[in-house]
Amino acid sequence: MEGKNTEPLVALVRASCPACGDVELPGAALHARMCETTGEGSYSFGCPECGTVVVKPADQRLLDLLVASGIVLTSWSLPGELAEVHEGDPISYDDILVFHDLLATDDWFSIVEDLVKQDPAA
């Protein structure tokens, strides 16, 4: 319909900034997220007073309330690599420095290829 605002209605939300205290902002300025892997939730907003980005935990009840108020919930998952078994020592600062120095050479790529060929686990 012409002349009508077609954006969804979102409530005015009161939130708390650690620097400014309670502030009011449009719900569209709030971002709600839930990790599907852990079930943990959070919401964030930019404080309209000082500009600080505020992130706070949110339980399921609060997430449901935010969604009922018109705020879009974004779901995400932890990367699968976190569940992988890792063998060997963790990467150290010395390892990073050696790799940095290697990247400064002209034949770094062929050296890395040779290292990978030598390691059957790679």
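Residue 9 is where the sequence shown starts when you use this note's numbering, and the numbers rise one by one after that. Beta carbons are placed, not taken as given, at the ideal position from N, Cα and C, and that holds for glycine.
According to DSSP, phenylalanine 53 shares a beta bridge with Leu38, Val62. Across the set His39, Asp103, Cys58, the C-alpha of His39 shows the shortest separation from the C-alpha of leucine 73.
Non-local beta-carbon contacts of cysteine 28 in its own chain, meaning distances under 7 Å to residues more than five positions away in sequence, involve Cys55, Glu57, Cys58 in chain order. Under a 10 Å Cβ-count criterion, valine 63 is classified as exposed, with fewer than 16 other Cβ atoms of the shown protein chains found around its own Cβ.
Secondary structure note for alanine 23: its beta strand (DSSP E) is the uninterrupted segment 20–25.
Taken through DSSP and simplified to helix, strand or coil, valine 31 comes out as strand. Around the beta carbon of isoleucine 79, a 10 Å sphere encloses 16 or more other beta carbons of the protein chains shown; the residue is thus reported as buried.
Cβ-Cβ distances below 8 Å link leucine 70 to Gly49, Tyr51 in the same chain, with the five nearest sequence neighbours on each side left out; the list follows chain order.
Using a 10 angstroms sphere on the CB of phenylalanine 53, the tally of other CB atoms reaches 16 or more, which defines it as buried. In this structure, the straight-line span from the alpha carbon of leucine 86 to that of threonine 46 is close to 8 Å.
In the three-state reduction of the DSSP assignment, leucine 70 falls in the helix class, which pools H, G and I.
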